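A quick write-up on the structure given underneath.
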Amino acid sequence: MCGIVGYIGNKQALPILVQGLRDLEYRGYDSAGICLLHENKIERVRAVGKIDNLVGKLKDSNYPGTLGIAHTRWATHGGVTEENAHPHVAMDGKLAIVHNGIIENYRELKKKLVKKGYKFTSDTDSEVLAHLIADYYSTLPQPLPSQPSHEASAGTAREGNSSPLRGEDKGGGENTLANAVRRALSDVRGTYGLLAVHADHPDQIIAARLGSPLVVGVAEGEHYIASDVTPMLAYTKQVTFLDDGEVAEISRDNLRISNLKDELITKGTMQIDWDQAKAQKGGYEHFMLKEIMEQPTVFEDAIRGRLDMEEGTAHLGGLNISEDQLRDLKRINIISGGTAYYAGLVGKYAFERLAQVPCEVDFSSEFRYRDPIVDKKTLVYAVSQSGETADTIMAVREAKRKGAHVRGIINVVGSTIARETKAGSYIHAGLEMAVASTKAYTNMVALLLLNALQLGRLKHVNVATGKRFLESLLEIPGKMNEILKQAENIKKIAKKYAHYKNMFFLGRGVNYPVALEGSLKLKEISYIHSEGYAGGEMKHGPLALVSEDFPVVAILTRNQLFEKMKSNIMEARARGARTLIIASEDDEEAKEVADDIIFVPKTMELLEPLLNTIPLQLFAYYIAVNLGRDVDRPRNLAKSVTVE
Ligand code: AGP
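Just add 8 to the spot in the sequence shown (first one is 1) and you have the numbering used here.
This is the structure we're talking about:
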């Protein structure tokens, strides 16, 4: 995810902003930039790659200024280039913005602005905001440019929970920069964490938030603004978190918060007692838990702007294949590794059920060496969080060599697989720091489901079915939250299983991949041996392993395979196995075969992996924590396997 830092006060802004960017490095980025406002002039410096590259560019000149904004970019739209790096500027460099989020309707806004003569220099969605604000700024009444105000205001009202308003409330009406931001954001669909500055307003930063966090640090005669508290902890622990729909007018001694209609909002400040390390994990003990908890939010990012509720289908950009070619497909192959492979297995069920196209899922490391039968009537999906997995890169090249259409389902924008497939969908899971993949898995499944729906609607799926599918998809974030609220209960259950040396994970149908993924989560972070198995397969051999020392975790949600799965669980229990059951909420019958039970909300069968995997992620996480494992950096493993 992008990182935002802003400062306005009486100190030199540059060192504060650079350190702030370094404090946000953990969020992941591929370029960075800074703007400083001094004597009614804005200086901008940007660089691709690490922050040291940016610092290298800065060191030759002294950039004075006690007001500035800065940004680390995690590319979502547009490649990794200096032109795409933030801040973006408008009005001949007099107005600058930094943005975190996704502007869904940027194309239509950009078209209108280009028609008005605005010149774009990047291919990002964010740059639209700079010109849109400039457009409104140019048309709103112009007050006299305000002079820098350094005198302390009459008293401060910041202590405790009183409103942080200080000095007189200038009111948004006179202030065109704030109003221009409000008017521009009223045209926007999507998400933003935004900072805007203007050379004619050397005493204020405008901040706005919808969907991407922003927090304001309050100190004497100065304010710090950032995507999270990490960059401000060295200076202040008194903060105000902006909420969705809020706009903050931030000067050295005044913090005025309102909504897009310029209705004043009174907010207090709060005391942060985190240290820096804890702040980077959002207050969670590990990145893995933070990322598990982020799933409802990043799932919304994955589907945002891609659902066509009217036609009951999905709109997926990055097409390199016509609709007729899609209809003529004879086969789909999914190539991936590890968790991405298990997401791919869910995709298999979706493509075959919705699009009725044969779908094979391969470990990338096997695909290349098995003489795969692929040709121009084959569509190959390369699924990869990092986009750098060597096995998958080589498999992509093999598929292309044989003439297949290749699409990526990727998290990291501009990664090798994204570039080599040239087409596909980004999953918008944001940076995934923990080696054990969780939120990326969920978003990979989401994108595979959308691809399957899109193809299905070109063939046999009718609009009513498509609409029902999308309506169920929209309910997923709320249902995920219902499961995440059970974390403490799952932690208690996990404690009872942490001493076992072996474990089975069983599932059937679309929950078979869920069992495999749950097993992988456990083994890779707790080091307990576990196996994921198709429930119906146990009697063909593995049942010999089952005993009271070999517990079984089974997914027994209400679907067409409920009775058969229940029998498989009873076979294991008859041989002494302790059973942890993932069941549909309020299912009393499931309790009959459970020593421990976790209930999940009901949903359409194809969507169950989006929910049923979450309790298994938490189960594995709490067992690993209980065993004192290095959860985010488990032994022997790397986040991205860039060797074959
Ligand atoms: C999953 O928790 C592991 N980190 C690993 O299996 C991972 O999914 C696999 O290496 C594939 O990585 P990719 O998605 O970046 O290609």
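Yeah, the Cβ is synthetic: ideal placement off N, Cα and C, and Gly gets one too.
Model, not experiment: these values are computed from the prediction.
Length of the line joining the Cα atoms of residue i and residue j
i: residue 540; j: residue 53; result: 51 Å
i: residue 488; j: residue 308; result: 11 Å
i: residue 598; j: residue 560; result: 14 Å
i: residue 647; j: residue 441; result: 8 Å
i: residue 588; j: residue 500; result: 12 Å
i: residue 350; j: residue 244; result: 45 Å
i: residue 264; j: residue 511; result: 56 Å
i: residue 160; j: residue 73; result: For residue 160, the predicted model reports a pLDDT of 27, less than 50, meaning its position is unreliable; a value from the coordinates is still stated below. One C-alpha to the other measures close to 18 Å.
i: residue 299; j: residue 438; result: 9 Å
i: residue 272; j: residue 258; result: 14 Å
i: residue 275; j: residue 526; result: 42 Å
i: residue 267; j: residue 254; result: 5 Å
i: residue 538; j: residue 565; result: 21 Å
i: residue 168; j: residue 109; result: Residue placement at residue 168 cannot be trusted, given a pLDDT of 30 that sits under 50; what the coordinates show is reported in the next sentence. Their backbone Cα atoms lie some 32 Å apart in a straight line.
i: residue 542; j: residue 426; result: 32 Å
i: residue 170; j: residue 229; result: Note that residue 170 has pLDDT 31, beneath the 50 cutoff, so the model's placement of it is unreliable and the number below is only indicative. The alpha-carbon atoms of residue 170 and residue 229 are separated by roughly 17 Å.
i: residue 448; j: residue 392; result: 9 Å
i: residue 445; j: residue 310; result: 16 Å
i: residue 362; j: residue 457; result: 9 Å
i: residue 606; j: residue 617; result: 15 Å
i: residue 429; j: residue 282; result: 42 Å
Counterpart residues of residue i in DSSP-defined beta bridges
i: residue 341; result: 368 and 388
i: residue 206; result: 103
i: residue 131; result: For residue 131, which the question treats as bridged, DSSP gives no partner whatsoever.
i: residue 279; result: 246
i: residue 254; result: 217 and 267
i: residue 53; result: 42
i: residue 511; result: 538
i: residue 272; result: 266
Cβ-heavy atom distance, residue i to the ligand AGP, below 6 Å
i: residue 198; result: no
i: residue 189; result: no
i: residue 84; result: no
i: residue 28; result: no
i: residue 534; result: no
i: residue 393; result: yes
i: residue 565; result: no
i: residue 348; result: yes
i: residue 397; result: yes
i: residue 648; result: yes
i: residue 354; result: no
i: residue 345; result: yes
i: residue 444; result: yes
From the options, residue whose alpha carbon lies closest to that of residue i
i: residue 330; options: 445, 463, 243 and 210; result: 463
i: residue 459; options: 222, 471, 389 and 20; result: 389
i: residue 644; options: 504, 535, 628 and 224; result: 535
i: residue 277; options: 322, 224 and 290; result: 224
i: residue 26; options: 285, 66 and 357; result: 66
i: residue 189; options: 199, 506, 215 and 612; result: 215
i: residue 11; options: 35, 286 and 652; result: 35
i: residue 580; options: 602, 291 and 596; result: 602
i: residue 455; options: 352, 79 and 248; result: 352
i: residue 622; options: 608, 633 and 468; result: 608
i: residue 443; options: 641, 31, 585 and 192; result: 641
i: residue 211; options: 282, 546, 461 and 46; result: 46
i: residue 550; options: 532, 577, 529 and 528; result: 577
i: residue 368; options: 384, 342, 393 and 354; result: 342
i: residue 148; options: 220, 186 and 262; result: 186
i: residue 121; options: 77, 195, 69 and 87; result: 195
i: residue 305; options: 625, 649, 220 and 323; result: 220
i: residue 279; options: 227, 533, 197 and 652; result: 227
i: residue 568; options: 270, 596 and 612; result: 612
i: residue 507; options: 415, 402, 400 and 632; result: 632
i: residue 40; options: 50, 28, 57 and 635; result: 57
i: residue 521; options: 469, 474, 344 and 354; result: 354
i: residue 49; options: 61, 103 and 86; result: 103
Checklist line | Contact the stretch 231–239 vs the stretch 135–146: 3+ CB pairs below 8 Å | finding: Result no; under three Cβ-Cβ pairs closer than 8 Å.
Notebook entry, point to check: Would you call the stretch 205–212 and the stretch 86–106 touching, i.e. three or more CB-CB distances under 8 Å?
Noted result: Result yes; three or more Cβ-Cβ pairs closer than 8 Å.
Next item on the list: Report yes or no: do three or more beta-carbon pairs, one from the stretch 106–119 and one from the stretch 16–25, lie closer than 8 Å?
Entry: Taking 8 Å as the limit for Cβ pairs, the verdict is that the stretch 16–25 does not touch the stretch 106–119.
Next item on the list: Decide if the stretch 370–382 is in contact with the stretch 399–417; the criterion is three or more beta carbon pairs, one per stretch, under 8 Å apart.
Entry: The stretch 370–382 is in contact with the stretch 399–417.
Checklist line | Segment contact flag, the stretch 378–387 with the stretch 410–429, C-beta cutoff 8 Å, min 3 pairs | finding: With the cut-off at 8 Å, the stretch 378–387 and the stretch 410–429 touch.
Note to self: I want to know whether the stretch 470–479 touches the stretch 333–352 - three or more CB-CB distances under 8 Å.
What the structure shows: The stretch 470–479 is not in contact with the stretch 333–352.
Margin query: I want to know whether the stretch 573–589 touches the stretch 514–534 - three or more CB-CB distances under 8 Å.
Written below: Flag = yes, the stretch 573–589 and the stretch 514–534 touch.
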